[in-house]
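A.B. asks:
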Amino acid sequence: MQYKLLSVSKWPGLADINIGDYIQSLAAAQYYPHVDGFIDRDMELKDYDGEPCKVIMNGWYMHDPKNWPPSERITPLFVAFHLNVLAKEVLLSPPSLSYLRQHAPIGCRDLNTLELLRNNGVEAYFSGCLTLTLGEKYRSESKDERTYIVNPVYEVHLGGKSNILKAVVEIFRHPRDILTLYPKYRTFARPDRGWISKVLETALYYREYTRFFSREIIVGSTYIGHEDAGYKSRFDSDRARLEEAERLIRLYARARLVITSRIHCALPCLGLETPVVYIEKARDAEVSSCRLGGLRDFFNRMKMENGRLIPDFDLPFPITMRNIPVNKDSWRPYAEALKRRCEEFVKADRRA
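Sequential numbering of the sequence shown, starting at 1, is according to my numbering.
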C-alpha cells in the first residue's frame, strides 16, 4: 500500500502558499512507514487515478470544491478535518455527505465543522488538530535562548493625529529599538502603506506589545512569516516545502518562547512543549474565525482589538525571559487520541 500526503500548490488562484499546510502534512508523515508522493488537496483528489493509496485527510477543505469528493482509489482517514464556510455548499451536498458517512466517524478540527456534520447526519467528533502530535518526533529536551514572533498582528488607524503623535513620541523615546525593529516588522505592516506609515505602525506596534512583553523579546526575536509568495517561488516542489516545514518545526522545538497569530505555529508548539502565546484578531472574517472553535481554549491567548492587546490569562506582565508562561495541558488527551487513530490506520495494513 502506498501512502501519500496532501499538498496545496496547484490551484491556479493561489498567489501565496501557507507553509502551515505543509506543517500539517509533516504531522501526517510521522505516522507513515514511507511517503510515496503528494496529492494536491484542491485540484487532484477527485480525479486521482494512480496506485491505490492511503491518505490522512487532515486540513482545510477546500479552495476549489468542485474537485470533491475524492477518488475511490484513495483510502482516507478523516481526522483534524476542517470544513470551511467557503466550501460549505459543496461539502454538504448529497454526494459529499454520502461519501463522508461512508468514512465516518469524521474527526473534526474545530467545533464549527463538528456542528455542521452532525446537523447533516454525519457521525463526527472533535479531534483537534494533528499538529498537536508533532512532539512525538520533534520534541527537543534542550531549549536555546531564541524567541520567535510568527506573523505578528497589529491593527491601527493612522488617519487621526492622536496615533501619529503617539508613534512620533515612541520613535523619539526609543529610536534604536524602532530602527532595529523596522526591518523585521515592515513585511507584516499593511502592504498599502508607504515606508513612513510603516515606520509609524512599527512604533505603535512596539508601544503596544512592550506593555505585555519585554523589549528584549519584541526587538530581539526572530520574525517569521508563514504565508507569502516566496514559499511558491523559492521552493520548486512539494517535497522541498515539506522540508522547509520541518526546518521551522525544529526551530520552534528548541525555542524559549513563540508568539504567533497562526494556529499552525501555535498548535505545533503545544505538542513540542514550547511555550507559546497565541494572538487572535478580534474582528477576523468568518472564513478565519470559524476555524478556531475548540482550539482557542488550548492556548494562553491574547486578543488584538482596536489596536489593544487583551490577555485572557493571568501573569505579572510584562512577560520576560524569566517569567515565560507555562502552556495549558488541555490539548494532551486529544493529541493522544489522534496518535492512536493514525497508528491504527497504518497498522491495519501490516496485519493484512
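C-beta: ideal position from N, C-alpha, C; glycine also. For clarity, every value in this text was computed on a predicted model and none was experimentally measured.
Between which residues of its own chain and W60 is the CB-CB distance below 6 Å, once the five residues before and five after are set aside?
C.D. replies: Here residue 60 corresponds to residue number 60 of the sequence shown, with the count starting at 1. Correct list, in chain order: H82, N84.
A.B. asks: Does the stretch 208 to 226 come into contact with the stretch 98 to 113, if we say contact requires no fewer than three beta-carbon pairs (one atom in each stretch) closer than 8 Å?
C.D. replies: Judged by Cβ distances under 8 Å, the stretch 208 to 226 makes no contact with the stretch 98 to 113, as fewer than three pairs qualify.
A.B. asks: Under a three-way DSSP split, which group does Q24 fall into?
C.D. replies: As a working mapping, residue 24 is identified with position 24 in the sequence shown. Q24: helix per DSSP, three-state reduction.
A.B. asks: Check whether the Cβ of E208 lies closer than 6 Å to any heavy atom of the ligand NAD, and answer yes or no.
C.D. replies: In terms of ligand content, the structure shown is empty, and the ligand NAD therefore cannot be addressed.
A.B. asks: Specify the secondary structure class of E44 as computed by DSSP and reduced to three states.
C.D. replies: Here residue 44 refers to the residue found at position 44 of the sequence shown. Looking at E44 - three-state DSSP - the assignment turns out to be coil, as it is neither helix nor strand.
A.B. asks: Keeping to the same chain, check which residues put their C-beta closer than 6 Å to that of E343; ignore five residues upstream and five downstream.
C.D. replies: The sequence position of residue 343 within the sequence shown is 343, counting from 1. Cβ neighbours of E343 beyond the five flanking positions: none.
A.B. asks: Going by C-alpha to C-alpha distance, which of E115, S71, R341 sits closest to D354?
C.D. replies: Outside the modelled stretch of the chain, which goes from 1 to 352, sits residue 354, for which no answer is possible.
A.B. asks: What do you get for M321, buried or exposed, if any count of 16 or more other CB atoms within 10 angstroms of its CB means buried?
C.D. replies: For the purposes of this step, residue 321 is identified with residue 321 of the sequence shown, where counting begins at 1. M321 comes out exposed.
A.B. asks: Taking its Cβ as the centre, do 16 or more other Cβ atoms sit within 10 Å of R340, making it buried, or is it exposed?
C.D. replies: In the sequence shown, residue 340 corresponds to position 340, counting from 1. Exposed is the call here.
A.B. asks: Would you mind sorting F188 into buried or exposed? The rule is 16 or more other CB atoms within 10 Å of its CB.
C.D. replies: For this step, residue 188 is matched to residue 188 along the sequence shown. Of the other Cβ atoms in all chains shown, 16 or more fall within 10 Å of the Cβ of F188; this residue is therefore buried.
A.B. asks: Distance check for P152 and E286, CA to CA, integer angstroms please.
C.D. replies: In the sequence shown, counting from the first residue as 1, residue 286 sits at position 286. In the sequence shown, counting from the first residue as 1, residue 152 sits at position 152. Low per-residue confidence applies at E286: pLDDT is 48, beneath 50, and the placement is therefore not dependable, though the value from the model is reported in the following sentence. Computed Cα separation, rounded: 20 Å.
A.B. asks: Return yes when the Cβ of T131 is within less than 7 Å of the Cβ of A28, no when it is not.
C.D. replies: Sequence index remark: in the sequence shown, residue 28 carries index 28 (1-based). Sequence index remark: in the sequence shown, residue 131 carries index 131 (1-based). No, the Cβ-Cβ distance between A28 and T131 is not below 7 Å.
A.B. asks: With burial defined as no fewer than 16 other Cβ atoms inside 10 Å of the residue's Cβ, what is the status of P175: buried or exposed?
C.D. replies: Start at 1 with the first residue of the sequence shown, and residue 175 comes out as number 175. Exposed, since its Cβ has fewer than 16 Cβ neighbours within 10 Å.
A.B. asks: How close, in whole Å, do the beta carbons of D228 and S7 come, if the pair is a contact with beta carbons under 8 Å?
C.D. replies: Numbered from its first residue, the sequence shown carries residue 228 at position 228. Numbered from its first residue, the sequence shown carries residue 7 at position 7. Not quite, the Cβ-Cβ distance comes to about 17 Å (not below 8 Å), so this is no contact.
A.B. asks: Rounded to a whole number of angstroms, what is the C-alpha to C-alpha distance between R190 and P275?
C.D. replies: Position 190 of the sequence shown, counted from the start, is the residue given in the question as residue 190. Position 275 of the sequence shown, counted from the start, is the residue given in the question as residue 275. Straight-line Cα distance between these residues: approximately 28 Å.
A.B. asks: Please classify S9 as buried or exposed, where buried requires at least 16 neighbouring CB atoms within 10 angstroms.
C.D. replies: By 1-based counting over the sequence shown, the position of residue 9 is 9. So S9 counts as buried.
A.B. asks: Can you tell me whether DSSP reads V55 as helix, strand or coil?
C.D. replies: Position 55 of the sequence shown, counting from 1, holds the residue named residue 55. The answer is strand: DSSP assigns V55 an E or B state.
A.B. asks: Is the distance from the Cβ of F345 to the Cβ of L77 below 7 Å?
C.D. replies: As a working mapping, residue 345 is identified with position 345 in the sequence shown. As a working mapping, residue 77 is identified with position 77 in the sequence shown. Yes, Cβ-Cβ distance for F345 and L77 is below 7 Å.
A.B. asks: Using three-state DSSP, classify I279 as helix, strand or coil.
C.D. replies: As a first step, residue 279 is located in the sequence shown; it is residue number 279 there, counting from the start. If DSSP states are grouped into helix, strand and coil, I279 belongs with the strands.
A.B. asks: Tell whether a beta-carbon distance below 7 Å holds between Y99 and P52.
C.D. replies: Here the question's residue 99 lines up with position 99 in the sequence shown. Here the question's residue 52 lines up with position 52 in the sequence shown. It is not a contact, given that the beta carbons lie outside the stated cut-off.
A.B. asks: Do P325 and L338 have their C-beta atoms within less than 7 Å of each other?
C.D. replies: For the purposes of this step, residue 325 is taken as the residue at position 325 of the sequence shown. For the purposes of this step, residue 338 is taken as the residue at position 338 of the sequence shown. Taking 7 Å as the Cβ cut-off, P325 and L338 do not qualify as a contacting pair.
A.B. asks: Quick check on DSSP: helix, strand or coil for V150?
C.D. replies: Translated into the one-based positions of the sequence shown, residue 150 becomes position 150. Of the three classes helix, strand and coil, the one that applies to V150 here is strand, per DSSP.
A.B. asks: Output the boundary residues of the alpha helix (DSSP H) element that contains N163.
C.D. replies: Taking the first residue of the sequence shown as 1, we reach residue 163 at position 163. It spans 161 to 173 - the alpha helix (DSSP H) in which N163 sits, taken as one unbroken run.
A.B. asks: Just to confirm, are L272 and A253 a CB contact at a threshold of 7 Å?
C.D. replies: Counting from one through the sequence shown, the residue named residue 272 turns up at place 272. Counting from one through the sequence shown, the residue named residue 253 turns up at place 253. The answer is yes: Cβ separation under 7 Å.
A.B. asks: Please list the segments of the alpha helix (DSSP H) lying wholly inside the stretch 187 to 251, counting only runs of 4 or more residues, in order along the chain.
C.D. replies: 195 to 209, 215 to 220, 230 to 233
A.B. asks: If you follow the alpha helix (DSSP H) that N112 is part of, which residue opens it and which one closes it?
C.D. replies: The residue labelled residue 112 in the question sits at position 112 within the sequence shown. It spans 111 to 119 - the alpha helix (DSSP H) in which N112 sits, taken as one unbroken run.
A.B. asks: Would you please state the rounded distance, in angstroms, between the beta carbons of K303 and D312? I believe it to be under 8 Å.
C.D. replies: On the sequence shown, position 303 is the one that residue 303 refers to. On the sequence shown, position 312 is the one that residue 312 refers to. Rounded, the Cβ-Cβ distance is 7 Å, consistent with contact.
A.B. asks: Taking 8 Å as the threshold, find out whether the stretch 246 to 264 comes into contact with the stretch 15 to 26 through three or more Cβ pairs.
C.D. replies: yes
A.B. asks: Checking the sheet assignment: what are the DSSP bridge partners for Q2?
C.D. replies: On the sequence shown, residue 2 is found 2 positions in, with the first residue counted as 1. According to DSSP, Q2 bridges with C53.
A.B. asks: Measuring straight from C-alpha to C-alpha, what distance separates Y32 and Y3?
C.D. replies: Residue 32 sits at position 32 when you count from the first residue of the sequence shown. Residue 3 sits at position 3 when you count from the first residue of the sequence shown. Rounded to the nearest angstrom, the two C-alpha atoms are 7 Å apart.
A.B. asks: Determine the burial state of V168: buried for a count of at least 16 other Cβ atoms within 10 Å of its Cβ, exposed for fewer.
C.D. replies: For the purposes of this step, residue 168 is taken as residue 168 along the sequence shown, with counting starting at 1. Looking at its Cβ environment, which holds fewer than 16 other Cβ atoms inside 10 Å, V168 is exposed.
A.B. asks: Count the other CB atoms within 10 Å of the CB of D16; is the residue buried (16 or more) or exposed (fewer)?
C.D. replies: Working through the sequence shown from its first residue, we reach residue 16 at position 16. With fewer than 16 other Cβ atoms within 10 Å, it is exposed.
A.B. asks: Can you tell me the Cα-Cα spacing of R243 and D40, whole angstroms?
C.D. replies: Numbered from its first residue, the sequence shown carries residue 243 at position 243. Numbered from its first residue, the sequence shown carries residue 40 at position 40. It is worth fixing the name first, because residue 243 is Glu in this sequence and not Arg. Answer to the nearest angstrom: the Cα atoms are 17 Å apart.
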